[in-house]
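Below is one structure, written out as structure tokens; comments come after it.
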Amino acid sequence: MKKILIVDDEQDIVESLKFVLEASGYDCFTAFNGEDGLRLAKELVPDLIILDVMMPKINGYKISRLLKYDNKYKNIPILMITARSQEEDKLIGEETGADEYITKPFDLDDVLRQVEKYLSRENDGYRNKQNA
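If you're matching positions, the sequence shown starts at 0 in numbering that gives the first Met the number 0 and goes up one per residue.
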């Protein structure tokens, strides 16, 4: 079963995502601040991370950067979720290594499609290519 780490300080968002993803057969782990999210990412080495940008302790950009510049974690797809929809915010997300940038409010089905895109069997080539 694929492991997904959801890191967001808004409990209703975390619960909604967790419900939809677990109903689709994923194993979900949650954190409500950046510090716990980073620690869990390193402990679990999840198959994918859904990461909010604006959070207490450590923001999503910093977590993404820390993980993407570490060989042990750089191949974990990161879907960054934020209420900040400015183009410059999106560029910062891309510069820090986020694979996708999803703005709030979002459609749960869209997020599920993005997750499936990164975790589908066909996408194993994506991860292998990243390892090369």
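Glycine included, each C-beta is placed from N, C-alpha and C at the ideal position.
Per DSSP, what kind of secondary structure is residue i in: helix, strand or coil?
i       : result
Glu-34  : helix
Glu-14  : helix
Glu-175 : There is no way to answer for residue 175, as the model of the chain reaches only from 0 to 131.
Ala-131 : Legend: pLDDT at Ala-131 = 40, less than 50; position of this residue unreliable, value from coordinates given subsequently. Ala-131: coil per DSSP, three-state reduction.
For the beta strand (DSSP E) that residue i lies in, which residues bound it at each end?
i     : result
Leu-5 : The question names Leu, but residue 5 is Ile in the sequence shown. Ile-5 -> beta strand (DSSP E) spans 2-6.
Just reading off the alpha helix (DSSP H) that residue i is part of, what are its end residues?
i       : result
Tyr-117 : 107-118
Is residue i buried or exposed, if buried means 16 or more other CB atoms sit within 10 Å of its CB?
i       : result
Tyr-148 : Given a span of 0 to 131 for the chain in the structure shown, any question on residue 148 remains unanswerable.
Pro-45  : buried
Tyr-117 : buried
Ala-22  : exposed
Met-0   : exposed
Leu-4   : buried
Pro-76  : buried
Ile-91  : buried
Val-13  : buried
Leu-107 : exposed
TODO: At 4 residues or longer, and completely inside the region 24-102: list those alpha helix (DSSP H) runs for me, N to C.
DONE: Restricted to the region 24-102, the alpha helix (DSSP H) segments that are unbroken, complete and at least 4 residues in length are 33-43, 59-67 and 86-94, listed in chain order.
Open item on the list: I'd like to know if the region 51-65 and the region 25-40 are in contact, where contact means that at least 3 CB-CB pairs between them fall below 8 Å.
Closed with: Result yes; three or more Cβ-Cβ pairs closer than 8 Å.
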